[in-house]
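Comments concern the structure below.
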Amino acid sequence: MKKLTCFLLLAFASFSSSLLADMVTVTQASFISQDTPGSTHGSAMTISVDPANPLTKGLLQTPIFTSEGGTIPDGSTITSATLDLVVTTGTSSNNVMDLHRVITPWAEDTVTWNSFNSGGVAGTDYDATAEDGQVPSGGTTTFNVTSLVQEWSNGTANRGVIIISRNVPTAGDGVLWDSDDTTTASNRPVFNINYTAVPEPSQFLLMGLVAGVVVSFKVWKKRRQA
Numbered sequence: 253m254k255k256l257t258c259f260l261l262l263a264f265a266s267f268s269s270s271l272l273a274d275m276v277t278v279t280q281a282s283f284i285s286q287d288t289p290g291s292t293h294g295s296a297m298t299i300s301v302d303p304a305n306p307l308t309k310g311l312l313q314t315p316i317f318t319s320e321g322g323t324i325p326d327g328s329t330i331t332s333a334t335l336d337l338v339v340t341t342g343t344s345s346n347n348v349m350d351l352h353r354v355i356t357p358w359a360e361d362t363v364t365w366n367s368f369n370s371g372g373v374a375g376t377d378y379d380a381t382a383e384d385g386q387v388p389s390g391g392t393t394t395f396n397v398t399s400l401v402q403e404w405s406n407g408t409a410n411r412g413v414i415i416i417s418r419n420v421p422t423a424g425d426g427v428l429w430d431s432d433d434t435t436t437a438s439n440r441p442v443f444n445i446n447y448t449a450v451p452e453p454s455q456f457l458l459m460g461l462v463a464g465v466v467v468s469f470k471v472w473k474k475r476r477q478a
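The sequence shown lines up with residues 253 to 478 when you count with the numbering used here.
Written as structure tokens, this is what we have:
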């Protein structure tokens with residue numbers, strides 16, 4: 253009986269706390285340009301981020317958690333999360349691209365330099381502190397967004413991210429990444445997330461049933477031995 257009890261409880265614990273993985277493809281991506289402040293770029297096949305000539309900033313967002321229309325349960329514990337972007341142009345070793353959490357709501361088909369508060373204000377439109385900074389070097393640029401995705405899981409509004417060039421403008425320091433509209437689906441921006449889901453109510457019910465069976469069996473056994 254002890255072996256059966258341990259087996260049932262361990263099986264339940266393993267099921268309820270198993271590490272899961274999800275690959276969430278970005279559904280909205282755009283960039284805003286100081287040179288064309290009233291123009292939208294939500295249907296562009298690339299995301300442009302450049303410190304100058306023209307100054308551009310990239311925006312990305314997508315539903316991740318169930319309350320947003322995503323697949324990962326709200327309240328999940330995020331063990332790791334990255335945002336992966338495929339570089340099409342730009343391999344400068346001189347420029348760091350910083351990723352920040354966006355605060356202001358936006359949509360890819362309407363966002364412009366002007367509508368995003370003239371390119372966005374740190375602390376008002378996006379977090380002043382970057383979540384991560386990376387130097388594009390060809391291939392895939394991977395941003396660590398574990399802490400940010402955990403914030404979203406805990407209930408912070410998911411309004412996506414903005415990517416901004418950190419360095420003083422110099423020639424050739426811009427980068428182009430494939431957007432959600434690129435024709436090659438495997439090159440589209442993606443969040444790779446590893447997490448442990450919060451146990452569903454049905455799992456708690458199952459645990460209660462297991463406990464009930466164990467107690468009932470013990471009572472029956474004692475009565476039989478009496």
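From the three backbone atoms N, C-alpha and C, an ideal C-beta is built for every residue, glycine too.
Asked                                                                                                       : Found
Cβ pair F283, L335 closer than 7 Å                                                                          : no
Per-residue DSSP class, three states only, for F456                                                         : Unreliable placement is indicated for F456, whose pLDDT of 44 sits below 50; the coordinate value is still reported in the next sentence. Of the three classes helix, strand and coil, the one that applies to F456 here is helix, per DSSP.
Residues near F456 by beta carbon distance below 7 Å, same chain, minus five either side                    : Low confidence applies to F456: its pLDDT is 44, below 50, so where it sits in the model is not reliable, and the reading given next is rough at best. Excluding sequence neighbours, F456 sits near nothing in its chain.
Contacting residues, own chain, Cβ-Cβ under 7 Å from V276 (five flanking each side not counted)             : T314, I316, G322, V442, F443 and I445
S431 vs I299 beta-carbon contact at 7 Å                                                                     : yes
Assigned exposure category for S405 - 16 Cβ within 10 Å defines buried                                      : buried
Contact under 7 Å by Cβ, M297 with T434                                                                     : yes
Separation of N410 from F259, as counted between CA atoms                                                   : Note that F259 has pLDDT 47, beneath the 50 cutoff, so the model's placement of it is unreliable and no number is given.
CB of V348 within 7 Å of CB of G390, strictly                                                               : no
Ranges of the alpha helix (DSSP H) found wholly within the region 313-382, counting only runs of at least 4 : none
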